[in-house]
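Student: Numbering (the working numbering), first residue to last: 1 to 280. A virtual CB, placed ideally from N, CA and C, is assigned to each residue, including glycine. Structure below; questions to follow.
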Amino acid sequence: QGLNTMLIPDPSWANHRPLLQGGGLKIEEYPYFKQESHTVDIEAMIAALEKAPPKTSIMLQVAAHNPTGVDLSDAEWERVLQVFLKRKHELFPVFDSAYQGLARGLAEDVFIIKKFLDADLEFAVTNSCSKNFGLYGERVGTLFVACSSADVASRVASRCKLKIRTNYSVPPLFGAKIVVAILSNPALRAQWEKELEHTRDTLNMAHTAFAKGLTAGGLDAKFSAQRFGLFTQLYLTEAQVSALETQHGCYVAPAGRVNVSSLDEKAAAAVACAVVAVLK
1 QGLNTMLIPD
11 PSWANHRPLL
21 QGGGLKIEEY
31 PYFKQESHTV
41 DIEAMIAALE
51 KAPPKTSIML
61 QVAAHNPTGV
71 DLSDAEWERV
81 LQVFLKRKHE
91 LFPVFDSAYQ
101 GLARGLAEDV
111 FIIKKFLDAD
121 LEFAVTNSCS
131 KNFGLYGERV
141 GTLFVACSSA
151 DVASRVASRC
161 KLKIRTNYSV
171 PPLFGAKIVV
181 AILSNPALRA
191 QWEKELEHTR
201 DTLNMAHTAF
211 AKGLTAGGLD
221 AKFSAQRFGL
231 FTQLYLTEAQ
241 VSALETQHGC
251 YVAPAGRVNV
261 SSLDEKAAAA
271 VACAVVAVLK
């Protein structure tokens, strides 16, 4: 009750801030990514969580971090859990699960959510089926809220229904029915899990090939840090992004966010050579 501020990771998905601000939240950031090593800045992150004001909501991307592709290790997640246990009645975690199954595995990508649940913490999970079901244009997702009691759950459900009624009222059903059909049919679910595993392996291959091309070109070893999911972030300048486009025909998002999902080994090597050229 009374939550009006949310901390999001720095960096995070570009639309997090405007989307959440549009909902009336004050948005601030906590340190997440260490540019000098391309790893999670866990010490700075923990320090920020420990000093966050009471009644602050904390957004946590569970897997395949957007835009960096760099995830917390199991040991780092355990440290984050301990902070929330210590501040059980002061901080409210919100898990952003947009890429379940596309990092390490369906269960592995949400293991920390289950640990929070086992610890009897209250939290919310926003889950998307856009990527792992290939339903990007159908707006399929789920909101889960773990509550301390049935009474709290009833009140939360009532508030959610009120917000839904005054927002979109009735959601699109076509995509949702596809997901239900797949998950409720053992054969279809098994096929989906197999296809998801293939997609995950393809993404991991692309990350590996891209990193190999960058380091082979003489760039810092930090570019070979392990990444998961659709994206990697290169932190390019506007001039370097422009040079990639005009001189090499490679198109990346501002600041050098690269979507690796379309890169096979040959394409990954070619894009890596182009990045090396504009950075040297």
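Have a look at residue 149 and residue 60 and give me their C-alpha separation to the nearest angstrom.
Tutor: Distance between the alpha carbons of residue 149 and residue 60: 23 Å.
Student: Provide the residue span of the beta strand (DSSP E) that contains residue 233, from first to last.
Tutor: Where residue 233 is concerned, the enclosing beta strand (DSSP E) stretches over 231–233.
Student: What three-state label does DSSP hand residue 254 in the structure shown?
Tutor: Helix at residue 254.
Student: Indicate the three-state DSSP secondary structure (helix, strand or coil) for residue 108 in the structure shown.
Tutor: The answer is helix: DSSP assigns residue 108 an H, G or I state.
Student: Per DSSP, which residues does residue 201 bridge with? Please list them.
Tutor: BP columns for residue 201 are empty, so no partner.
Student: Just the C-alpha distance for residue 236 and residue 223, rounded to the nearest angstrom, thanks.
Tutor: Taking the straight line from one Cα to the other gives about 13 Å.
Student: By the three-class DSSP mapping on this structure, what secondary structure does residue 223 have?
Tutor: Residue 223: helix per DSSP, three-state reduction.
Student: Please name the residue or residues paired with residue 323 in a DSSP beta bridge.
Tutor: The requested residue 323 is not part of the displayed model; the chain covers only 1 to 280.
Student: Assuming residue 81 contacts residue 119 (C-beta within less than 8 Å), just tell me the rounded distance between them.
Tutor: 7 Å between Cβ atoms; contact.
Student: Could you tell me the boundaries of the beta strand (DSSP E) in which residue 240 lies?
Tutor: First-last for residue 240: 238–248, but that is the alpha helix (DSSP H), not the beta strand (DSSP E).
Student: Return helix, strand or coil for residue 85, following the three-state DSSP convention.
Tutor: Helix, per DSSP.
Student: Out of curiosity, what's the CA-to-CA distance linking residue 125 and residue 253?
Tutor: Rounded to the nearest angstrom, the two C-alpha atoms are 27 Å apart.
Student: Around the Cβ of residue 221, are there at least 16 other Cβ atoms within 10 angstroms (buried) or fewer (exposed)?
Tutor: So residue 221 ends up on the exposed side.
Student: Measure from the alpha carbon of residue 90 to the alpha carbon of each residue in 274, 203, 218, 55, then state which is nearest.
Tutor: Residue 90 has its Cα closest to that of 55, out of 274, 203, 218, 55.
Student: Inspect the beta-carbon positions of residue 102 and residue 131 and report whether they are closer than 8 Å.
Tutor: Closer than 8 Å, so yes.
Student: Compute the Euclidean distance between the alpha carbons of residue 9 and residue 258, then round it to the nearest angstrom.
Tutor: So the alpha carbons of these two residues sit roughly 19 Å apart.
Student: Rounding to the nearest angstrom, what Cα-Cα distance links residue 211 and residue 277 in this structure?
Tutor: Each residue's alpha carbon lies about 15 Å from the other.
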